[in-house]
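Residues in the sequence shown are numbered from 2 upward in steps of one, following this note's numbering. All C-beta atoms in this analysis are idealised placements derived from N, C-alpha and C, irrespective of residue type, glycine included. Quick caveat: nothing in here was measured; it's all calculated off a predicted structure. Taking it in order: structure first as structure tokens, then the write-up.
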Amino acid sequence: RPWDAESFAEARRSGKHVLVSVQAGWCHWCHVMNDETFGDPRVRRLLARHWIAVRVDADARPDLAERFQDYAWPATVLMTPEAEVALPLRGYRPPARFLRLLRAVRSGRRVVDADPPTPEPLALGALREAGRAQLARLYDPAAGGWGSRQKYPYGAPLEHALFEALVRDDAAAARRIAPTLEGHAALL
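This is how it looks when you write it as structure tokens:
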């Protein structure tokens, strides 16, 4: 749900706790948290039953990004139905650990959680593929260029698209080049 008065009013009326997740599109661990933790069926069931989940795009809401910046991204704040902070979390939590935290906060227990666990190191190939996939997701076919807001003429994503098109014969990357260059020319 959006960060708005109605979401918080519904939490008060229903007695549900509030989960606020502040994320950024460029944040790798935000995507991992969405896929692995928020995508876990057990987490989804518990959230649907007992929580009002509010998602905030840090880039679209700089006021909220500033408010929660000390928690880094993804920032997850578990709140009471009255919107009092019960447990602020910095970074990624795997599903099993996150479920324990949700249940503990929901039961009213005082919870202290350490910083996120150190992730397993990624192999270079996996890291490269994760970067390629993230860059592909950030492409805006309607406006050309990469990102979800104003498109500045950044050369690196365009250079990457040229490489993918020429060296890897990637047709999708090739289709991104002309609209991006046209958008760059219009800005300049």
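Could you say which of A12, S8, K17 and G26 lies nearest to A134 if we only look at CA atoms?
Of the candidates A12, S8, K17 and G26, the one whose C-alpha sits nearest the C-alpha of A134 is G26.
Residues that DSSP places opposite Y140 in a beta bridge:
Y140 is bridged to W147.
For T77, the residue or residues it bridges with in DSSP
Answer is S22 and L90.
DSSP beta-bridge partners for I53?
BP columns for I53 point to V19.
Looking at C-alpha atoms only, which residue of A157, A166 and A131 is the closest neighbour of W30?
It is A131 whose Cα lies nearest to the Cα of W30.
Skipping 5 residues on each side, what residues in its chain have a beta carbon closer than 6 angstroms to that of D71?
Cβ neighbours of D71 beyond the five flanking positions: none.
Flag W52 as yes if its beta-carbon sits less than 7 angstroms from any beta-carbon of chain D, otherwise no.
Checking the listed chains, one finds no chain D in this structure; it contains a single protein chain.
So what's D58 in DSSP terms, helix, strand or just coil?
Residue state, collapsed to three classes: strand.
With burial defined as no fewer than 16 other Cβ atoms inside 10 Å of the residue's Cβ, what is the status of V19: buried or exposed?
Buried, since its Cβ has 16 or more Cβ neighbours within 10 Å.
Which of helix, strand or coil DSSP assigns to D5:
DSSP places D5 in the coil class of the three-state scheme, outside both helix and strand.
Spatial distance of M80 from R13 (CA atoms)
R13 has its alpha-carbon roughly 11 angstroms from the corresponding atom of M80.
Exposed or buried, which one is A127 when buried takes at least 16 other CB atoms within 10 Å?
A residue is called buried once 16 or more other Cβ atoms fall within 10 Å of its Cβ, and A127, having fewer, is exposed.
Which word fits R191, buried or exposed, when buried means at least 16 other C-beta atoms lie within 10 angstroms of its C-beta?
There is simply no residue 191 to check, as the chain begins at 2 and stops at 189 in what is shown.
Give the straight-line distance between the Cα atoms of L48 and L167, rounded to the nearest whole angstrom.
Rounded to the nearest whole angstrom, the CA to CA distance from L48 to L167 is 46 angstroms.
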